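A.B. asks:
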Amino acid sequence: MVLVVAIALAQQAFSSIDCDVSWLITTAERMLGGARLYRDVEEVNPPASVLLYVPPVAIGRLLGIRPEALTVAMVSALAVLSLRHASRILAPPPAHLPLVAAAAAFILLVLPADLFAQREHVALIAGLPMFAVIITRSRAVPVRTIDAAVAGCAAGIMIAIKPHLALALVLPALWSALRRRSLDAAKAPEWIAAGVVCASYLLVVQLGFPDYTARMLPLLRLVYLPGRDSWSNLLAGPMIVIPGVAAILTLWLARSRPSNEAVVMLLAAAGFAAAGLMQGKGYLNHGYPAVATALFAITLELSRAGAARRFGSLCAVLLALSATYSYARVPAPYALRNAVERVGPPRPRLIGISLDFALGHPLTRWVDGQWVGRRGSLWVTGNAWQQLERPTLSEADRRAYKAAERTDAAILAQDIARHRPDVILVDDVPGPRWIAAHPPLAQAMRGYQPATRVGQITLWTPR
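Mapping of the sequence shown onto my numbering: residues 3 to 465, in sequence order.
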């Protein structure tokens with residue numbers, strides 16, 4: 003397990019934190035600097051997504067360490083602690099424990115690759131001890147109250163990060179209740195603790211972040227939530243395919259009689275996959291928990307007595323499945339970074355005119371810059387355009403989406419005029435014609451001129 007942790011840290015040292023994590027770190031920095039979340043800086047996710055990254059940002063400021071490095075270190079430490087807690091809860095512990103621990107460390111620390119420290123990654127780490135509690139209770143074996151309560155608190159954090167992920171707990175819990183023909187587990191310390199954490203979080207959102215429900219939720223309902231990938235893409239993606247193949251392999255290995263551990267993890271994978279389908283975006287990070295828990299199911303089934311003879315062949319399959327997911331790397335924009343450093347001053351102020359959220363993040367942090375936009379990209383415009391393509395759209399909805407697009411352009415114009423960025427990253431989409439179609443934005447851009455071009459991105463600097 004120590005070797006796997008070392009490999010994971012080395013992997014992260016030579017890879018990039020992805021755009022979502024980079025943006026959330028930036029948002030946490032701005033919030034700690036006094037910006038009001040959902041007003042001065044906007045994030046589509048609930049406050050938990052930003053609050054996750056406040057500790058590494060705050061500690062990094064105190065110690066003079068980059069928050070990216072602290073984020074990786076803290077998530078790695080949480081993964082190890084989660085595995086230790088889960089192994090302590092499981093009774094009896096899995097056979098071949100060192101091999102199981104190494105495989106689990108691989109799934110948590112190496113498999114995510116450039117999705118490392120994503121919200122779903124942290125959520126899965128938080129949820130693992132709760133799965134161990136469900137497994138142990140399904141055998142009618144008692145769990146220490148303190149272990150159950152801590153696992154429940156962590157499960158509450160998982161749900162707070164993304165409420166959809168509660169499905170991954172509900173399905174195995176229902177199976178356990180049906181198996182024992184009892185709902186007594188609902189009164190157990192872990193579920194009470196999870197409920198307290200979730201209720202406390204809702205109170206924090208209402209009292210501490212009123213702009214989320216007042217300002218952000220209506221916008222999300224209008225432009226973000228309706229946007230979905232096609233069902234064909236969702237069902238053919240790794241979020242469904244890899245867990246499906248892993249489930250078949252697990253059942254084959256178990257001769258259709260899987261262990262309690264495998265059943266719980268397969269049901270958790272089904273819950274995570276269902277949560278991903280509910281979101282409908284098909285992003286790799288949305289699918290990671292389903293992939294990981296399905297691979298946990300294979301790992302735990304392999305630990306049963308008599309399965310060792312198949313260990314080698316299935317390890318090869320496990321590695322192949324893992325590679326399928328982890329090879330999806332975040333592109334590193336070296337040419338764009340070099341261009342920004344060439345045409346801009348040290349620590350440049352940046353903003354982008356692009357539908358692509360990954361254009362400015364992690365680029366801004368790569369150049370030690372400052373993103374001065376309230377939004378990380380023109381995500382409102384991009385989602386509005388997607389909805390405007392619907393032939394059945396009502397005229398009222400069409401006007402609402404057009405108004406959202408105009409507001410998006412107006413906010414961008416205000417940010418440019420107020421903060422005078424040193425470099426503006428102008429994507430070919432939406433492009434100069436879109437800028438010209440919005441007079442406030444066109445007026446703000448009059449003080450800038452094209453400086454250089456990298457691919458489909460033109461870098462504009464002050465005249």
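Just so it is clear, CB atoms sit at the ideal spot from N, CA and C, and this is done for glycine as well.
Note that the structure is a prediction, hence the values are computed from the model and not measured.
1) How many Å lie between Val243 and Leu237 at the Cα?
2) Drop a sphere of 10 angstroms on the beta-carbon of Leu512, count the other beta-carbons inside from all chains shown, and report buried for 16 or more, exposed for fewer.
3) If you run the structure through DSSP and keep just helix, strand and coil, what is Arg401?
4) On the three-pair Cβ rule with 8 Å, is the segment 105–121 touching the segment 293–307?
5) Quick check on the DSSP output: the beta strand (DSSP E) that includes Arg351 runs from which residue to which?
6) Mark Tyr336 as exposed unless 16 or more other C-beta atoms lie within 10 angstroms of its C-beta, in which case mark it buried.
7) Is the Cβ-Cβ distance between Tyr290 and Glu122 less than 7 Å?
8) Does the beta-carbon of Ile250 have 16 or more other beta-carbons within 10 angstroms, so that it is buried, or is it exposed?
9) Please confirm if the segment 439–452 is in contact with the segment 406–420, defined as three or more CB-CB distances below 8 Å between the two stretches.
10) Can you tell me whether Gln120 is buried or exposed, with buried defined as 16 or more other CB within 10 angstroms of its CB?
11) Taking the Cβ atom as the reference point for each residue, do Ala1 and Pro260 lie within a distance shorter than 7 Å?
12) Between the segment 70–83 and the segment 264–278, are three or more C-beta pairs nearer than 8 Å?
13) Contact between the segment 351–370 and the segment 418–429 is defined here as three or more beta-carbon pairs at a separation below 8 Å; is this criterion met?
14) Find out if the Cβ-Cβ distance for the pair Val52, Thr29 is shorter than 7 Å.
15) Please state whether the Cβ-Cβ distance between Val345 and Ala453 is less than 7 Å.
16) Per DSSP, what kind of secondary structure is Gln389 in: helix, strand or coil?
17) Could you pull out every residue in the same chain whose Cβ sits closer than 6 Å to the Cβ of Val225, ignoring the five residues on either side in sequence?
18) Using DSSP with H/G/I as helix, E/B as strand and the rest coil, what is Val456?
19) Runs of 3 residues minimum, wholly inside the segment 165–206: which ones carry the beta strand (DSSP E) assignment?
20) Would the beta-carbon of Leu443 fall within 7 Å of that of Ala411?
21) Near Leu117, what residues of its chain come up, given a Cβ to Cβ distance below 7 Å and the 5 sequence neighbours on each side ignored?
22) For Leu169 and Tyr40, what's the separation of their Cα atoms in angstroms?
23) Would you call the CB atoms of Val266 and Ile161 closer than 7 Å?
24) When the Cα atoms are used, what is the spatial distance from Ala81 to Gly158?
25) Under a Cβ-count criterion, where at least 16 other Cβ atoms within 10 Å of its own Cβ denotes burial, should Pro393 be classed as buried or exposed?
26) Nearest to Arg465 by CA position, among Pro114, Arg455, Asp424, is which residue?
27) With Gln451 and Thr463 assumed to form a contact (beta carbons below 8 Å), what rounded beta-carbon distance in angstroms separates them?
28) What residues in its chain sit with their C-beta under 6 Å from that of His440, if we drop five residues either side in the sequence?
C.D. replies: Inspection of the coordinates gives the following:
1) 7 Å
2) Residue 512 cannot be examined here, being either before or after the span of the chain that is shown, 3 to 465.
3) helix
4) yes
5) 351–355
6) exposed
7) yes
8) exposed
9) yes
10) buried
11) Residue 1 lies beyond the residue range present for the chain, which begins at 3 and ends at 465; the question has no answer from this structure.
12) no
13) yes
14) yes
15) yes
16) helix
17) Excluding residues up to 5 positions away in sequence, Val382, Asn385, Ala386, Ala406 lie with their Cβ nearer than 6 Å to the Cβ of Val225 in the same chain.
18) strand
19) none
20) yes
21) Asp20, His123, Leu286, Asn287, Tyr290
22) Using only the alpha carbons, I get a separation of about 27 Å.
23) For Val266 and Ile161, no; Cβs fall outside 7 Å.
24) 17 Å
25) exposed
26) Looking at the Cα atoms, Asp424 is the closest of the given residues.
27) Indeed, because the Cβ distance is near 7 Å, the residues count as touching under 8 Å.
28) Ala411
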